[in-house]
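Q: Just passing along the structure, written as structure tokens.
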Amino acid sequence: MTKTILILGATGGVGGAVARVMLQRGWQVCAMVRDPVRAASGWGDGPAPQWVQGDAMCREDVVKAASNAAAILHGVNPPGYRHWDTMVLPMMDNTIAAAKAANGARIVLPGTIYNYDAVASPMIDETTPQNSRGRKGIIRTELERRLAEAAPDVPSLVVRAGDFFGPGARQSWFALAMAKPPLTRIVDPGRPGIGHSWAYLPDLAETMARLIELPSGSLAPAERVQFGGFWDADGTRMIAAIR
Numbered sequence: 001m002t003k004t005i006l007i008l009g010a011t012g013g014v015g016g017a018v019a020r021v022m023l024q025r026g027w028q029v030c031a032m033v034r035d036p037v038r039a040a041s042g043w044g045d046g047p048a049p050q051w052v053q054g055d056a057m058c059r060e061d062v063v064k065a066a067s068n069a070a071a072i073l074h075g076v077n078p079p080g081y082r083h084w085d086t087m088v089l090p091m092m093d094n095t096i097a098a099a100k101a102a103n104g105a106r107i108v109l110p111g112t113i114y115n116y117d118a119v120a121s122p123m124i125d126e127t128t129p130q131n132s133r134g135r136k137g138i139i140r141t142e143l144e145r146r147l148a149e150a151a152p153d154v155p156s157l158v159v160r161a162g163d164f165f166g167p168g169a170r171q172s173w174f175a176l177a178m179a180k181p182p183l184t185r186i187v188d189p190g191r192p193g194i195g196h197s198w199a200y201l202p203d204l205a206e207t208m209a210r211l212i213e214l215p216s217g218s219l220a221p222a223e224r225v226q227f228g229g230f231w232d233a234d235g236t237r238m239i240a241a242i243r
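The UniProt record's numbering puts the first residue of the sequence shown at 1, with every later residue one more than the last.
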């Protein structure tokens with residue numbers, strides 16, 4: 001029987017990458033977006049998801065879209081990456097409700113490193129306490145806390161990674177700040193000598209797909225894993241690679 005995954009945020013970098021990988025692996029992919037016509041026209045070549053209209057802020061929409069899902073990728077962010085205080089947590093609450101209504105679909109979340117204070121926790125693993133002092137980091141920590149609280153009725157998987165780069169990573173630090181098109185110069189927004197963690201989007205999506213497909217019982221009810229990616233120890237190697 002073909003399994004279904006609901007993608008929230010399929011027009012974004014990680015959502016689109018995971019959708020493509022899951023289609024290649026034979027999954028039925030349902031993508032809920034605000035404008036299905038626009039999303040379909042911008043998808044490009046190859047197999048496409050089943051586009052359904054909906055708003056992640058509307059619980060009814062998410063529950064309906066997730067009705068047959070075995071997994072839900074929560075890759076959605078507020079439009080323009082603004083209004084975090086009023087949108088991020090309600091959207092996750094709706095996803096949790098939808099997963100519960102779908103008999104415990106596993107929620108897959110692309111995790112961030114916002115959740116940690118770089119001074120207090122320069123090195124992190126899956127057990128490092130989340131101690132962010134930044135506004136977005138505090139919100140992301142609460143988001144993950146709600147996922148953990150929803151388990152085991154609603155299982156979850158957080159795959160934490162650095163900044164995205166690669167095909168489809170249009171809204172990333174890399175695309176918007178470092179190598180903004182048209183590429184006439186390279187800008188490093190970080191301080192010299194400070195390391196930076198990167199995640200190549202196709203590799204991250206493949207990792208998520210393999211974790212999603214693990215046999216039942218392989219993952220903890222509220223699983224967290226770190227994606228190794230590419231560690232640029234002094235912030236110069238990525239710039240050198242672009243050049």
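Ideal Cβ positions, reconstructed from N, Cα and C, are used throughout, including at glycine.
Classify residue 119: buried if its beta carbon has 16 or more other beta carbons within 10 angstroms, exposed otherwise.
A: Here residue 119 refers to the residue found at position 119 when the sequence shown is read from its first residue. Around the C-beta of residue 119, fewer than 16 other C-beta atoms lie within 10 Å, and the residue is accordingly described as exposed.
Q: Under 9 Å between the Cβ atoms of residue 212 and residue 10?
A: Stepping through the sequence shown from its first residue, residue 212 is reached at position 212. Stepping through the sequence shown from its first residue, residue 10 is reached at position 10. Contact flag unset, no.
Q: Alpha helix (DSSP H) containing residue 84: first to last residue?
A: Taking the first residue of the sequence shown as position 1, residue 84 is located at position 84. From DSSP, the alpha helix (DSSP H) with residue 84 extends over 84-101.
Q: Give me, in chain order, the residues of the same chain whose beta-carbon lies closer than 6 Å to that of residue 18; leave out the 5 immediate sequence neighbours on both sides.
A: The count along the sequence shown starts at 1 and reaches residue 18 at position 18. Answer for residue 18: 73, 205 and 208, listed in chain order.
Q: Write down the C-beta distance between residue 47 and residue 23 rounded to the nearest angstrom, noting that I regard them as a contact closer than 8 Å.
A: Taking the first residue of the sequence shown as position 1, residue 47 is located at position 47. Taking the first residue of the sequence shown as position 1, residue 23 is located at position 23. That pair is a contact at about 4 Å.
Q: Assuming contact is defined by CB atoms lying nearer than 9 Å, are residue 6 and residue 65 in contact in what I supplied?
A: Within the sequence shown, residue 6 is the residue found at index 6, counting from 1. Within the sequence shown, residue 65 is the residue found at index 65, counting from 1. For residue 6 and residue 65, yes; Cβs fall inside 9 Å.
Q: Are residue 107 and residue 157 closer than 9 Å when you measure CB to CB?
A: Along the sequence shown, one-based indexing puts residue 107 at 107. Along the sequence shown, one-based indexing puts residue 157 at 157. Against a cut-off of 9 Å, the Cβ pair of residue 157 and residue 107 comes out as a contact.
Q: For residue 4, which three-state DSSP category applies?
A: For the purposes of this step, residue 4 is taken as residue 4 along the sequence shown, with counting starting at 1. The answer is strand: DSSP assigns residue 4 an E or B state.
Q: With respect to the alpha helix (DSSP H) encompassing residue 24, which residues constitute its N-terminal and C-terminal limits?
A: Taking the sequence shown and counting its residues from 1, the one referred to as residue 24 is at position 24. Under the DSSP assignment, residue 24 falls in the alpha helix (DSSP H) whose first and last residues are 13-24.
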